[in-house]
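Here is the structure we will look at.
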Amino acid sequence: MQRLLLASCFCNKDWHRNRMSSTEEDEGWRENFLSWVVANKGLVESTRKAYGRDLEEFCAWLHSAGATVSTTKEDHIVSYVAHLRDSQRHQVATVARKLVALRQFFSFLVYEQEVIPEDPSAEIAVPTVRDGSPKALTVEQVKSLLESPVGDEPATYRDRAILEVLYGCGLRVGELVELQLDDVDLDGQLLRVFGKGRRERVVPLGSPAADSLSQWMSGAGRNAVLSLRTSTNRGAESAVFLSVGGPKRGTQLSRMGAWRIVRIHGDKVGLGEELTPHVLRHSCATHMLINGADIRYVQELLGHVSIRNTQRYTAVREDELRQIYQQAHPRAEVRLKDR
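For reference, each letter of the sequence shown is one residue, going 1207 to 1545 in our numbering.
Okay, here's the thing in structure tokens:
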């Protein structure tokens, strides 16, 4: 009996040792992949972090199922996708993004590292995301939103600048939080933006956005936040937008932090849960097109590689289209008079 117990103990030790080594191996592969994908795919830091979280979540689920990355089969991927779909907090777009991260990860292990013989995710279809552009805000709604931050606190200056830049420049939320001090030219009223694939573009900075940025970057705004940082958060912080409170005070604002700021001010003016940073980007593009901007210029502003992506922003209401036609078409006024 004692011999059996001793044998059992040794087996358990071996099992824990193997489990630990497999976990460490999986973690090492994840880190190698993240380094590779940044160097070779040009991912911005926020996307790298999202991929890292996605892979960490997958590996945790995988280990709970008694498997590892090297032993992953197609059935594991299918079960994991079903697990994500069953979760109320995962929308179709989120599931699709997580699966894309997995497919890139396993492709890396097969073709770049050659540590596993085949890709278990290769035959798994990525869920189709419905192509529905967000509804643009009206000019009046945007005006109310931009006037929402009131006061002379650092958070007010920051929030006002965030809303002005998102709407005024049509930035993606990831582009906003990745802005560095060197990217801002207040005198020339220009922003240097690094978009998807680290593609660089320069966008104009309207006077309201430039003024709000200048106020945030002054001594009463950003500098005041930096002076109140805790010792653990001290260091060279070059991000434009920072967290202003809590344990992360003085560190770069996260994507979710920017989302919360937009949502808070949206709730204050009655815009509800439909308001997101992307709605402001969409509103920027839509309002420019309504006012006669050439779609090619809007494409350049938004950082779209393909004009097809920009064309999704041209779905304006019939009454707006009719109004534009009457104002812009040389024959429209004649026909209206003839009626």
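Every residue, glycine too, gets a C-beta built ideally from N, C-alpha and C.
Model, not experiment: these values are computed from the prediction.
For residue i, the three-state DSSP class (helix, strand or coil)
i	result
Q1386	strand
F1447	coil
Q1395	coil
E1353	coil
P1453	helix
P1326	coil
Q1347	helix
E1318	helix
E1480	helix
L1240	helix
E1524	Summary for E1524: the model assigns pLDDT 45, below 50, so the residue's position carries little reliability; its value from the coordinates is reported in the next sentence. In this structure, E1524 counts as helix in the three-state DSSP scheme.
Unbroken alpha helix (DSSP H) run spanning residue i, endpoints
i	result
R1291	1280-1292
F1311	1298-1313
P1483	1483-1496
P1171	The question about residue 1171 has no answer, for the chain in this structure spans 1207 to 1545.
H1269	1251-1270
L1507	1501-1508
A1415	1413-1422
R1428	1428-1433
Q1458	Here Q1458 belongs to no alpha helix (DSSP H), and DSSP marks it neither H nor E.
R1514	1513-1517
Reference residue i; option with closest CA among the options
i	options	result
Q1347	G1258, V1475, S1512, Q1505	V1475
V1399	H1510, D1292, V1298	H1510
L1387	L1396, G1248, S1444	S1444
K1279	E1237, P1323, E1262, V1298	P1323
F1311	R1236, A1288, V1485, T1344	R1236
Y1286	A1430, G1376, S1327	S1327
Q1505	S1424, L1377, M1462, W1242	L1377
A1271	L1508, K1255, T1229, H1488	T1229
R1259	T1300, D1365, A1491	T1300
F1447	L1486, H1488, V1390	V1390
N1429	N1246, R1364, A1256	R1364
Y1257	A1266, L1240, V1379	L1240
K1255	T1362, V1345, V1298, K1304	K1304
E1320	S1276, E1329, K1341, V1345	S1276
T1457	S1313, L1385, L1290, E1262	L1385
A1493	G1248, G1234, V1345, A1302	Here residue 1493 is His; the residue named in the question, Ala, does not match the sequence. Taking only the C-alpha atoms, the option nearest H1493 is V1345.
S1489	A1416, H1282, C1375	C1375
G1234	G1248, I1467, E1262, L1290	E1262
Enclosing beta strand (DSSP E) for residue i [first to last residue]
i	result
R1466	No beta strand (DSSP E) holds R1466; the alpha helix (DSSP H) holding it covers 1461-1474.
R1407	1406-1410
Presumed contact (8 Å Cβ cut-off) between residue i and residue j, rounded CB distance
i	j	result
L1308	F1264	6 Å
H1471	L1369	7 Å
A1464	V1332	At roughly 26 Å, the Cβ-Cβ gap does not stay under 8 Å, so A1464 and V1332 are not in contact.
L1411	L1432	That belief does not hold up - the Cβ atoms of L1411 and L1432 are roughly 22 Å apart, past 8 Å.
G1401	E1381	6 Å
T1516	I1501	6 Å
T1274	D1232	6 Å
S1420	L1392	5 Å
L1459	S1449	6 Å
G1597	P1360	Summary: the structure shown does not reach residue 1597, with the chain confined to residues 1207 through 1545, and so no result is reported for it.
V1485	L1343	6 Å
A1367	S1418	4 Å
E1318	W1267	Rounded, the Cβ-Cβ distance is 24 Å, inconsistent with contact.
R1461	V1379	5 Å
V1284	I1330	7 Å
Cutoff 7 Å: residue i Cβ touching any chain C Cβ
i	result
S1313	As a matter of chain content, chain C is missing from the structure shown, which is built from one protein chain.
I'd like to know if the stretch 1392-1407 and the stretch 1449-1464 are in contact, where contact means that at least 3 CB-CB pairs between them fall below 8 Å. Cβ pair count under 8 Å is below three, so no.
Specify whether the stretch 1477-1487 and the stretch 1352-1362 touch according to this definition: at least 3 beta carbon pairs, one from each stretch, less than 8 Å apart. no
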